[in-house]
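Reading through the structure tokens given below for one structure.
Written out as structure tokens, the structure reads:
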């Protein structure tokens, strides 16, 4: 291998074969794949997904490239649409150390290229898996704390590298083409936390998928790009977006230790921190004396960073409600549940829940808390106080979702769309993806 980091990563991607994957990585990637389609199914019908569909039709037009649970579009439009669907319901993956959602970038280009070229399920699965790994690896090399301190949002900056990996692998790019593809992907990286609180943070992921798809497609023609878009002294992303990064971490254990095994998945349509809030409340609600009528006040403690993000978020639409600590606390306490039904427009319009969120829920910052930890204290009407904490919700690498868990998530999402019969067939194919002869729209419930 050469010393150039971008070239080393390109060399690795081009050389990898399915048999090179560790068994544990392969099984984890299979679970992530099923979870990805389930997450996209949950995004069908989201108001902002409909807006992205209008954009996709406008810039790309109709076509036959599969869209999860929807009607096919031209390739670029399908990539945009699928990228948004996967994260629309705030229920897709995240790599906690880099705060990067990897599946919205890696899956759409793999599906678009795979379906167009009629690739095998095994080739599709390898491309998807490598896409996950590259988005994570490139993000790890950035030195995330310094990267975040500069205001950058990981999915928009590092997501394109996952996308270009998945598309480039299926396009059969050689090592020089793949290096150029990485350079083209990095030239389109972007997205900052100025967008926090708006659906644009999700568009970062959708646009990142398209950036990688365009980069791989252009590189296939022989178009040239930066020699090392990551560590170049003048304009390399690690210097421009961070403090020079830790390039050694991008390569550490590459091909031996698969970082995709450290992806966190979600059972609830919430950010990780607010899942901790919901879990703590439902744990308390399991006791006989804790019911909405018996709880006079709720106090939710979050880490300072999470408090800043979630304390004052309004809940006037499903997108914002999933990020609002007061609303989440109020609706979970009222329903003793946290799923899609808690974020419908009709549920958001409930005056009693809104009143309780405004008047009876207090969200505070606690400097002793870190990451996604949350502490909930409920003051009961008889004067007693009960307390519960959650340091991390289920789905983390330490408490991973199983194949049975993501199967349940998939079937529940399909049932909401009245697609249960198709879902059983699709699950069987996704669980044995390496045996699928040809990737097509049926795999994801795309309509003719």
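In our numbering, the protein residues as written are 801 to 1248.
In this text, a Cβ means the ideal position worked out from N, Cα and C, and glycines have one as well.
Please read all numbers here as calculations on a predicted model, not as lab measurements.
{"query": "Inter-residue Cα distance where the pair is residue 979 and residue 857", "result": "31 Å"}
{"query": "Residue 1001: first and last residue of the uninterrupted alpha helix (DSSP H) it sits in", "result": "1000-1019"}
{"query": "Candidates 835, 841, 831, of which the one nearest residue 1215 by Cα", "result": "841"}
{"query": "Per-residue burial, residue 851 [other beta carbons within 10 Å of its own, 16 or more giving buried]", "result": "exposed"}
{"query": "Run of the beta strand (DSSP E) containing residue 1185, from where it starts to where it stops", "result": "1185-1190"}
{"query": "Local Cβ density within 10 Å of residue 954, reported as buried at 16 or more and exposed below that", "result": "buried"}
{"query": "Beta-carbon contacts of residue 1237 that lie in its chain and below 8 Å, excluding the five residues immediately before and after", "result": "920, 921"}
{"query": "Range of the contiguous alpha helix (DSSP H) that encloses residue 953", "result": "From DSSP, residue 953 is part of no alpha helix (DSSP H); its letter is neither H nor E."}
{"query": "Presumed contact (8 Å Cβ cut-off) between residue 906 and residue 872, rounded CB distance", "result": "At roughly 20 Å, the Cβ-Cβ gap does not stay under 8 Å, so residue 906 and residue 872 are not in contact."}
{"query": "Status (buried if at least 16 other CB within 10 Å, exposed otherwise) for residue 1172", "result": "buried"}
{"query": "Burial state of residue 986 (16 or more Cβ within 10 Å)", "result": "buried"}
{"query": "Nearest candidate by alpha-carbon position, reference residue 1188, set 1232, 1083, 1110", "result": "1083"}
{"query": "Sequence ranges, beta strand (DSSP E) only - wholly within the region 807-886, length at least 3", "result": "862-865"}
{"query": "Where residue 805 falls: helix, strand or coil (DSSP)", "result": "helix"}
{"query": "Per-residue burial, residue 1132 [other beta carbons within 10 Å of its own, 16 or more giving buried]", "result": "buried"}
{"query": "Span of the alpha helix (DSSP H) around residue 932", "result": "921-940"}
{"query": "DSSP bridge partner residues for residue 1064 (one or two, in chain order)", "result": "894"}
{"query": "Inter-residue Cα distance where the pair is residue 971 and residue 1020", "result": "7 Å"}
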